[in-house]
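What follows is one structure encoded as structure tokens, with my remarks underneath.
Residue numbers (the working numbering): 45 to 224.
Structure (structure tokens):
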């Protein structure tokens, strides 16, 4: 079994390699735009679109997304304050932050946690959205490492936490018709 130091060194190495992809202008522009949309704009637009398209029938899905988002916000802020993991761009001068971080700490990735939770809840209500939301969510997750503001483990942990939060949210939400 690998030692903790060895695993951390390997993760740091991968973080450095992936961050160098941002040196390509088109790669950096794509991931910066995706990351910016993941700040919340895409999710607010999705909730509004559901209301416009579905009317009152979409209110439940939009409210479900909003409630999940609030829970995700509370959870990731608590975890960041508890873990206080330095961002890779702050831990190694060779790792460049291609965008300004929204807060001080790295673990977990709030963008990824929100993207996973929102996408899974939205897909539970509207399975047809999977074709667009899954690649978008994967791009948001990748963007955080490419842009130098998260380690791969921050993103993997946020994916697991977002999945668990979405599953819990779907399980406790009354009247949801999964994949109907």
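Backbone N, C-alpha and C define an ideal beta-carbon position, used for all residues, glycine too.
Asked                                                                                                                  : Found
Cβ-Cβ separation, residue 140 to residue 82 (assumed contact under 8 Å), whole Å                                       : With 8 Å as the limit, residue 82 and residue 140 do not qualify as a contact, their Cβ atoms being about 19 Å apart.
Alpha carbon of residue 167 to alpha carbon of residue 136, nearest angstrom                                           : 38 Å
Spatial neighbours of residue 206 in its chain, beta-carbon cut-off 6 Å, leaving aside the 5 residues before and after : 157, 160 and 161
First and last residue of the uninterrupted alpha helix (DSSP H) at residue 115                                        : 103-127
For residue 98, the first and last residue of its enclosing alpha helix (DSSP H)                                       : 86-98
DSSP-derived helix/strand/coil call for residue 75                                                                     : helix
Helix, strand or coil at residue 217 according to DSSP, with G and I counted as helix                                  : coil
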